[in-house]
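*Asks:* Residues in the sequence shown are numbered from 2 upward in steps of one, following the numbering used here. Backbone N, C-alpha and C fix where the C-beta goes; we use that ideal spot for every residue, glycine too. This structure is in structure tokens; I'll ask about it shortly.
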Amino acid sequence: MLDFISKLITEYEEILVMVGVISGVVFVVSLLAMPFLLGKIPVNYFAPSHQCKCDCNFVVATIKNFVGLVLLLAGIIMLVTPGQGIISILLGLFLMEFPGKRKLELKLISNNTTFQAINWLRNKAGAPPLER
């Protein structure tokens with residue numbers, strides 16, 4: 002069994018190093034970017050009276066959806082590697098536009114631990130805490 006594992010590591014050493022480097026870069030970028038990006042969310046975003054309006058053009062909406070998808074996928078990867086997986090997933094969902102988005106966001110933010118983590122990161126960015 003150990004010979005098999007040793008052979009796999011030797012055979013795929015370059016790929017394993019690349020995955021490790023990418024994981025480290027994503028971890029550092031997420032640590033630096035999350036407080037800033039979460040600080041940009043309006044304080045009343047999760048308040049029941051808040052209505053989401055997208056007044057942006059097609060190019061901006063496409064870019065937002067692409068960045069949101071990248072953050073969503075990175076968050077899913079960070080669930081098993083070092084990083085802020087759940088918060089990256091939430092941030093990706095905030096940026097994307099799709100049917101049922103609001104209901105999903107409210108369900109995810111209803112978790113007290115997630116809500117406290119987001120407010121803690123907003124505090125690090127100098128932003129006031131979110132309202133529910």
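1. Under the rule that 16 or more other beta-carbon atoms within 10 Å means buried, what is Q117, buried or exposed?
2. Go through its chain and collect everything with a Cβ distance to A75's Cβ below 8 angstroms, but skip five positions before and after it.
3. Use the C-beta contact count for M79: other C-beta atoms within 10 angstroms, 16 or more gives buried, fewer gives exposed.
4. Assuming G69 contacts L96 (C-beta within less than 8 angstroms), just tell me the rounded distance between them.
5. Please state the DSSP three-state secondary structure of M2.
6. Could you check what DSSP says for F47 in three-state terms: helix, strand or coil?
7. Looking only at C-alpha atoms, which of T115, I64, P130 sits nearest to I87?
8. For A48, I'd like the list of residues in its chain whose CB is within less than 6 angstroms of its CB, leaving aside the five on either flank, ordered along the chain.
9. What are the boundary residues of the alpha helix (DSSP H) that N124 is part of?
*Replies:* Answer, in terms of the structure:
1. Here residue 117 corresponds to residue number 116 of the sequence shown, with the count starting at 1. Looking at its Cβ environment, which holds fewer than 16 other Cβ atoms inside 10 Å, Q117 is exposed.
2. The residue labelled residue 75 in the question sits at position 74 within the sequence shown. Cβ within range, chain order: V27, S31, G84, S89, G93.
3. Counted from its first residue, the sequence shown places residue 79 at position 78. M79 is buried by the Cβ-count criterion.
4. For the purposes of this step, residue 69 is taken as the residue at position 68 of the sequence shown. For the purposes of this step, residue 96 is taken as the residue at position 95 of the sequence shown. So it is a contact: roughly 3 angstroms between Cβ atoms.
5. Counting from 1 along the sequence shown, the entry for residue 2 is found at position 1. Correct three-state label for M2: coil.
6. Your numbering for residue 47 matches position 46 in the sequence shown. The three-state reading of DSSP puts F47 in coil, since its state is none of H, G, I, E or B.
7. To locate residue 87, count along the sequence shown from 1; it is residue 86. Minimum Cα distance to I87 is reached at T115.
8. Walking along the sequence shown from the start, residue 48 turns up at place 47. So the qualifying residues of the chain are E132.
9. Counting from one through the sequence shown, the residue named residue 124 turns up at place 123. First-last of the alpha helix (DSSP H) with N124: 113-125.
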